[in-house]
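Asker: Each residue of the sequence shown is one higher than the one before, starting from 6 at the first, in the working numbering. All residues carry an ideal CB built from backbone N, CA and C; glycine is no exception.
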Amino acid sequence: MKVGFFDSGIGGTCILNAFKKLCPDVETEYIADSAHCPYGNRPQDEIVRLSDANVRKLLGRGCGMVVVACNTATAAAIDYLRAHYPDVPFVGIEPALKPAALRSKTGVVGVLATAGTFGGRLYNETKAKFARNVTVLAVVADEFVTEVERLHGAPIEELERNEYARVEKLVRAKVEPLLKAGADKIVLGCTHFPHLKPVIEKVCNGRAEVLDPSMAVARQAKRMMEVAERVKLDTNA
Ligand code: DGL
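1. Expressed to the nearest angstrom, what Euclidean distance is found between the alpha-carbon atoms of Y90 and G69?
2. Measure the CB-CB distance between P100 and V31 and report whether it falls below 8 Å.
3. Does K7 come out as helix, strand or coil in the three-state DSSP assignment?
4. Excluding the 5 residues preceding and the 5 following V180 in the sequence, name in chain order all residues of the same chain whose CB lies nearer than 7 Å to its CB.
5. Which residue from D12, V145, R171, V116 puts its Cα closest to that of K132?
6. Alpha carbon to alpha carbon, how far is I15 from T77?
7. With a Cβ-Cβ cutoff of 8 Å, do T119 and C19 count as a contact?
8. Does the ligand DGL have a heavy atom nearer than 7 Å to the CB of G115?
9. Just checking S219 against the ligand DGL - is the residue's beta carbon closer than 7 Å to any of the ligand's heavy atoms?
10. Pull up the distance between the alpha-carbon of G177 and that of L201, whole angstroms please.
11. From T240, M229, V215, pick the residue whose C-alpha is nearest to that of L102; which is it?
12. Since K190 sits in a beta bridge, which residues does DSSP pair it with?
13. Given a threshold of 16 other Cβ atoms within 10 Å of its Cβ, counted over all protein chains shown, does D46 qualify as buried or as exposed?
14. Under the rule that 16 or more other beta-carbon atoms within 10 Å means buried, what is A105, buried or exposed?
15. Straight-line CA distance for R66 to E34?
16. Please give the ranges of any alpha helix (DSSP H) in the region 116-198, keeping only runs that are unbroken, at least 4 residues long and fully inside the region.
17. Would the C-beta of Y44 count as close to the ligand DGL, meaning under 7 Å from any of its heavy atoms?
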């Protein structure tokens, strides 16, 4: 089965790459909707419309399953997509707040995401259910999205010195206040952010663990694909 992925830009390639490690022989399609990036501050109905267009393209290219490789699009559109394409399996992504809250020793957790993700049902339900006993510091970090798009996904380690220093300053401005407030877990709640993980970890300098859910989402996508393939075989038998 061909598996489709989409994001507002190149962010979701962190999930695509994790999936390809797990399933090197599976055919994939990736849509980076860079023309409309960022999604983070758009109204929900607009993100639904953009997500719907991405899904239609992926289905038109023969995908049998879609990974919404974007926290913001998942927050805004996953319910709509599941209702409108009942035969298509969808995998979404939400900030890894649950493991962060359960594993935090200081009782303070930092989450970096977009405004759209923080306003979504999934995030708020998870927060109410699993993070009642911890302090959650939610930080909108749209600048990171713009930065990753600007760098076209260039490996951060290979940036020229001044460029690297600029990115580090940007990251420090968002992450340092979280560390000062005692956060020992930093959740990367946007698929653009793992691209900056080496810098975020450098700024944390062992003071907090950085949680990147890319591999967990890829594993979930693999499981769902295997189930969908079995169902297809059973239906055709
Ligand atoms: N990569 C996205 C996410 O996971 C969206 C970033 C944006 O377009 O604002 O939320």
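Answerer: Once the coordinates are examined:
1. 11 Å
2. No, Cβ-Cβ distance for P100 and V31 is not below 8 Å.
3. coil
4. I191, I205, V208, C209
5. V116
6. Linking I15 to T77 through their CA atoms gives a straight-line distance of about 14 Å.
7. no
8. no
9. no
10. The identity of residue 177 in the sequence shown is Arg, whereas the question assumes Gly. So the two alpha carbons sit approximately 12 Å from each other.
11. V215
12. V114, E214
13. Here residue 46 turns out to be Asn, not Asp, going by the sequence shown. Under this definition N46 is an exposed residue.
14. buried
15. 8 Å
16. Entirely contained in the region 116-198, the alpha helix (DSSP H) runs reaching 4 residues are, in chain order, 120-123, 126-135, 147-155, 166-185.
17. yes
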